[in-house]
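So the sequences go chain by chain: Z and C. Under my numbering, the residue at position 223 of the first sequence is numbered 930, and the numbers go up by one with no gaps. Under my numbering, the residue at position 184 of the second sequence is numbered 891, and the numbers go up by one with no gaps. All C-beta atoms, glycine included, are put in the ideal place defined by N, C-alpha and C. The block underneath contains the structure these notes are about, expressed in C-alpha cells.
Number of protein chains: 2
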Amino acid sequence: MAQYILYSTSSCGVGEISKHTMTFSEENYLKTIYHLTAVSDTDVSTNSIAEKMETKASSVTDMLKKLAEKELVNYVKYQGVSLTEKGQLAAKMIVRKHRLWETFLVEKLDFSWDEVHDLAEQLEHIKSEKLINKLDNFLGNPTEDPHGDAIPDASGRITKIEKQLLSEVEKNRVGICVGVKDTSSDFLKYLDKQEIALGSQIEIIEKESFDSSFRIRVGTKEITISNKIASNLYIK
Amino acid sequence: MAQYILYSTSSCGVGEISKHTMTFSEENYLKTIYHLTAVSDTDVSTNSIAEKMETKASSVTDMLKKLAEKELVNYVKYQGVSLTEKGQLAAKMIVRKHRLWETFLVEKLDFSWDEVHDLAEQLEHIKSEKLINKLDNFLGNPTEDPHGDAIPDASGRITKIEKQLLSEVEKNRVGICVGVKDTSSDFLKYLDKQEIALGSQIEIIEKESFDSSFRIRVGTKEITISNKIASNLYIK
DNA sequence: ATATTTTTTTAGTCCGGTCTAAAAAATAAA
DNA sequence: TTTATTTTTTAGACCGGACTAAAAAAATAT
Ligand SMILES: [Mn+2]
Ligand SMILES: [Mn+2]
Ligand SMILES: [Mn+2]
Ligand SMILES: [Mn+2]
Numbered sequence: 708m709a710q711y712i713l714y715s716t717s718s719c720g721v722g723e724i725s726k727h728t729m730t731f732s733e734e735n736y737l738k739t740i741y742h743l744t745a746v747s748d749t750d751v752s753t754n755s756i757a758e759k760m761e762t763k764a765s766s767v768t769d770m771l772k773k774l775a776e777k778e779l780v781n782y783v784k785y786q787g788v789s790l791t792e793k794g795q796l797a798a799k800m801i802v803r804k805h806r807l808w809e810t811f812l813v814e815k816l817d818f819s820w821d822e823v824h825d826l827a828e829q830l831e832h833i834k835s836e837k838l839i840n841k842l843d844n845f846l847g848n849p850t851e852d853p854h855g856d857a858i859p860d861a862s863g864r865i866t867k868i869e870k871q872l873l874s875e876v877e878k879n880r881v882g883i884c885v886g887v888k889d890t891s892s893d894f895l896k897y898l899d900k901q902e903i904a905l906g907s908q909i910e911i912i913e914k915e916s917f918d919s920s921f922r923i924r925v926g927t928k929e930i931t932i933s934n935k936i937a938s939n940l941y942i943k
Numbered sequence: 708m709a710q711y712i713l714y715s716t717s718s719c720g721v722g723e724i725s726k727h728t729m730t731f732s733e734e735n736y737l738k739t740i741y742h743l744t745a746v747s748d749t750d751v752s753t754n755s756i757a758e759k760m761e762t763k764a765s766s767v768t769d770m771l772k773k774l775a776e777k778e779l780v781n782y783v784k785y786q787g788v789s790l791t792e793k794g795q796l797a798a799k800m801i802v803r804k805h806r807l808w809e810t811f812l813v814e815k816l817d818f819s820w821d822e823v824h825d826l827a828e829q830l831e832h833i834k835s836e837k838l839i840n841k842l843d844n845f846l847g848n849p850t851e852d853p854h855g856d857a858i859p860d861a862s863g864r865i866t867k868i869e870k871q872l873l874s875e876v877e878k879n880r881v882g883i884c885v886g887v888k889d890t891s892s893d894f895l896k897y898l899d900k901q902e903i904a905l906g907s908q909i910e911i912i913e914k915e916s917f918d919s920s921f922r923i924r925v926g927t928k929e930i931t932i933s934n935k936i937a938s939n940l941y942i943k
C-alpha cells in the first residue's frame, strides 16, 4: 500500500514536464498549491485547497494521490502536501502562461485589467512551449503582468520586485503603485473609478487610527480609502 | 421513445449559442459534421464521422443523440445527420476561431503555415465572443486564413472566393495560388521546398496524360508535380 | 487522560465520453 | 426474393473527476 512519500531527489528541467501531458484539472490543482505555498510557505492542507478551488475535500484527496503518483507533489496522508521540484516547475509554467496571456489581452487586444483573469484561466491550459515563448517574445519579454505580478521566464526564474502593501507603509511616504493583491473585477473597477492604476503616484497624507483608513493623494486629487483597500495595494 | 427528429423552425442569432456552453467534444463533433457536409452536401453518416475523428461508430451514435437533444443536429437513426441552423452557426463560430487563431500565429507570432493547425485545434475551444472579435480586429479583419480558407465573420457570413483545383485547370492557364486543400504539415513542407506559397504565380506548361502529372512554372523556375499535388492546390 | 470537535480519508455513486461485443437495420449480392 | 455483407445502434464496461455519507485520524477542549 503506497504511502505517497515521494521526495524528489534529482532536479529536472522544463523539457521534462512538457512530455507528460497534464489534464486541466491537474494543472489547476498544481497552480492552487503553488499559490497557497507562496503565502504560508508550510505544507498545504487538503481543506485549504478545497476552499480555494470551491470543491470538496474528498475530491482534493483523490487528486493529491494522482499527483503524488506522478511525482508532482510530496503527499503524506493527514500531513498536507507540497510541490516537488518537478511540480513547482510545472506550476510556474502555468502561472507564466496565465500572466503572459493576461498581458497579451491588455497590451495587444485592449482589454481592461479587470476582464482578463477569467480568460487567462482558459488560455493557461493551451499546451505548447513554443507558443508561449513566441508570445513572450512578441510582448517584449515582460517581467510583470497587468496586475503587477511577476512573470516567470522560460526556465521558471522569477525576478521579484520589492514592494509593500500600502497599509504597512508609514505616513508621508510617497510611492508608486506597482501591484494589486486582490485581482477581483470588483476591486479593479473600484480602482479605475478612483483613478488608481499601476504607475500612479500615491502619497500617504494621514492614517486614521480609529478605523485604520487612509487619507491619500493619488495624482493631484485627495481621497480616503478604507484599510481593506490599502491592504490590497502594493507600492514601491 | 424519442426519435430525435428535430427540424429547426426558427432561425437564431450568434448570441443564442454562446449561452449554452458546449464541451470540447461536442464542439469537435459539430465542426467535423460541418466539414463533412461541405464536401458532400448530403446527410453525414455515422461512419464517416467516426473515421474523420478517429473514434468508434458507437461513440458517434452516443454523441449524435446528445447533440440532437440540444437541437444542434437533425438526427434520425440509421439515416445520418445534418446540422440545424443553430448547429451550423455554432460550427461556423468554431471554424472562425480556428482560422483566426491560425492567422494570429502566422501573422503575429511568426509561425509557419505547417505548424499552426494543431495549436488552433486547442485555441478554437477558448470561450469568449469578445476575445475572438477583438482578435479579429487586431488582425485587421482578415477574410482568409494562412491556408487560403475563408474566415466566417462575427455573424457567420462567409465571403467565398472562386478558386479552382490546379488539377482541373486547362493547359497554358496562368493563375495565382490562393489555397491548399490538404493542410497536413507534410504537404505544406513540400510546398515550401518547391517554393510554392499563397500568392505564387503558377503557369501550367504541360499536362502529362499518362500519369496526369503537371509541368508548371512557379515564379521563375519550372518543376514537375504529381497529380496528387495538383489536386490539392487551389489557383485563381 | 478522556471526550469533543475538526480535518482528512475512504467507500460508494454519478456523469460525460470513450470502448468492445453483440444485436438490429439497411444495403448489396446471389 | 432470399442470403450475405456492411452499417448503425444498443448493452454493458471503464476511466477521470466530481459528489455525499460515513469512518478514521488529528487537533482541541474539558
Ligand atoms: Mn489572473
Ligand atoms: Mn494577473
Ligand atoms: Mn487548421
Ligand atoms: Mn487553416
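Open item on the list: Among the candidates Z:Val885, Z:Ala904, Z:Lys914, whose CA atom is the shortest distance from the CA of glycine 926 (chain Z)?
Closed with: Z:Ala904
Task: Three-state secondary structure (DSSP) of glutamine 908 (chain Z) - done: strand
- [ ] Find the residues of chain Z that neighbour aspartate 843 (chain C), judging by a C-beta separation of less than 7 Å, and give them in chain order.
- [x] Here the premise fails: no neighbours, minimum Cβ distance about 10 Å.
- [ ] Could you pull out every residue in the same chain whose Cβ sits closer than 6 Å to the Cβ of leucine 895 (chain C), ignoring the five residues on either side in sequence?
- [x] Scanning its chain for C-beta atoms nearer than 6 Å, with the 5 sequence neighbours on each side dropped, one finds around leucine 895 (chain C) the residues Trp820, Asp821, in chain order.
Open item on the list: Ignoring anything shorter than 3 residues, give me the beta strand (DSSP E) runs that lie fully in the region 778 to 816 of chain Z, in order along the chain.
Closed with: Secondary structure in the region 778 to 816 of chain Z: the beta strand (DSSP E) runs of 3 residues or longer, each lying completely within the stretch, are 780 to 782, 788 to 790 in chain order.
Open item on the list: At a cut-off of 7 Å, would you count alanine 827 (chain Z) as near ligand 3, judging by its Cβ distance to the nearest heavy atom?
Closed with: Not one heavy atom of ligand 3 sits closer than 7 Å to the Cβ of alanine 827 (chain Z).
- [ ] Please state whether DSSP places glutamine 901 (chain C) in a helix, a strand or coil.
- [x] coil
TODO: Would you verify that the beta carbon of lysine 815 (chain C) is, or is not, closer than 8 Å to some beta carbon of chain Z?
DONE: Answer yes: the Cβ-Cβ gap between lysine 815 (chain C) and chain Z drops below 8 Å somewhere.
Task: Partners in chain Z for lysine 834 (chain C), counting only beta-carbon separations shorter than 7 Å - done: Gln829
Task: Integer Cβ distance of alanine 798 (chain Z) from leucine 873 (chain Z), believed to fall under 8 Å - done: Not really, about 28 Å apart at Cβ, beyond 8 Å.
TODO: Give me the Cα-Cα distance between alanine 745 (chain C) and glutamine 908 (chain Z), rounded to the nearest whole angstrom.
DONE: Going by the C-alpha atoms only, they are around 58 Å apart.
Open item on the list: So, with DSSP's three-state summary, where would you put tyrosine 711 (chain Z)?
Closed with: Interpretation of tyrosine 711 (chain Z) is limited by its pLDDT of 43, a score under 50 that renders its predicted location unreliable; the figure taken from the coordinates is listed afterwards. Of the three classes helix, strand and coil, the one that applies to tyrosine 711 (chain Z) here is coil, per DSSP.
Open item on the list: Is there a C-beta anywhere in chain C that falls below 8 Å from the one on leucine 807 (chain Z)?
Closed with: no
Task: DSSP beta-bridge partners of valine 767 (chain Z) - done: Partner(s): none; valine 767 (chain Z) has no beta bridge.
Task: Closest residue to valine 813 (chain Z) among Z:His854, Z:Ala764, Z:Ser938 (Cα-Cα distance) - done: Comparing C-alpha distances from valine 813 (chain Z) to each of Z:His854, Z:Ala764, Z:Ser938 shows the shortest one belongs to Z:His854.
Task: Span of the beta strand (DSSP E), counted from its first residue to its last, around lysine 928 (chain Z) - done: 928 to 932
Task: Collapsed DSSP secondary structure at glutamate 875 (chain C) in the structure displayed - done: Residue state, collapsed to three classes: helix.
Task: Buried versus exposed call for lysine 935 (chain Z) [16 or more other C-beta atoms within 10 Å across all chains shown] - done: exposed
Task: Distance CB(valine 887 (chain Z))-CB(leucine 940 (chain Z)) smaller than 8 Å - done: Yes. Within cutoff.
Open item on the list: Let me confirm a value: glutamine 795 (chain Z) is counted as buried when at least 16 other C-beta atoms fall within 10 Å, else exposed. Which label applies?
Closed with: Under this definition glutamine 795 (chain Z) is a buried residue.
Task: Neighbouring residues (CB closer than 5 Å to any heavy atom of ligand 2) - done: Any heavy atom of ligand 2 counts here; residues with a Cβ closer than 5 Å to one of them, in chain order, are Z:Glu809, Z:Asp852, Z:His854, Z:Asp856.
Open item on the list: I need the DSSP call for alanine 861 (chain C), collapsed to helix, strand or coil.
Closed with: coil
TODO: Return helix, strand or coil for isoleucine 942 (chain C), following the three-state DSSP convention.
DONE: strand
Open item on the list: With H, G and I counted as helix, E and B as strand and the rest as coil, what does DSSP make of isoleucine 923 (chain Z)?
Closed with: strand
TODO: Run the CB neighbour count on asparagine 754 (chain Z), radius 10 Å, all protein chains shown included, and call it buried at 16 or more, exposed below.
DONE: exposed
- [ ] Throw me the rounded Cβ distance for the serine 835 (chain C) and leucine 826 (chain Z) pair, which I believe falls under 8 Å.
- [x] Serine 835 (chain C) to leucine 826 (chain Z), Cβ: 6 Å. Contact.
Open item on the list: For lysine 900 (chain Z), which residues in the same chain have their Cβ closer than 6 Å to its Cβ, ignoring the five residues on either side in sequence?
Closed with: none
- [ ] Could you check if phenylalanine 921 (chain C) is buried or exposed, using at least 16 other CB atoms within 10 Å of its CB as the buried criterion?
- [x] buried
TODO: Could you name the residues of chain C that leucine 826 (chain Z) contacts, counting a contact when the two beta carbons are closer than 8 Å?
DONE: Ile833, Ser835, Leu838
- [ ] Please work out which residues of its chain come closer than 7 Å, Cβ to Cβ, to valine 802 (chain Z), disregarding the five sequence neighbours upstream and downstream, and give them in chain order.
- [x] Lys738, Tyr741, Pro859
Task: For isoleucine 740 (chain C), three-class secondary structure by DSSP - done: helix
Task: Per-residue burial, histidine 727 (chain C) [other beta carbons within 10 Å of its own, 16 or more giving buried] - done: The residue in question, histidine 727 (chain C), is exposed, as its Cβ has fewer than 16 Cβ neighbours within 10 Å.
Open item on the list: Residues in the same chain with beta-carbon distance under 7 Å from isoleucine 930 (chain C), minus the five sequence neighbours each way, listed in chain order, please.
Closed with: Gln901, Ile923
Open item on the list: Can you determine whether any heavy atom of ligand 1 sits closer than 7 Å to the C-beta of isoleucine 739 (chain C), and answer yes or no?
Closed with: In the sequence as displayed, the identity of residue 739 (chain C) is threonine instead of isoleucine. Outside the cutoff, so no.
- [ ] Please classify phenylalanine 731 (chain C): is it buried, with 16 or more other beta-carbons within 10 angstroms of its beta-carbon, or exposed?
- [x] exposed
Task: Buried or exposed by the 16-neighbour rule on C-beta atoms within 10 Å, applied to asparagine 879 (chain Z) - done: Counting of Cβ neighbours within 10 angstroms places asparagine 879 (chain Z) among the exposed residues, the total staying below 16.
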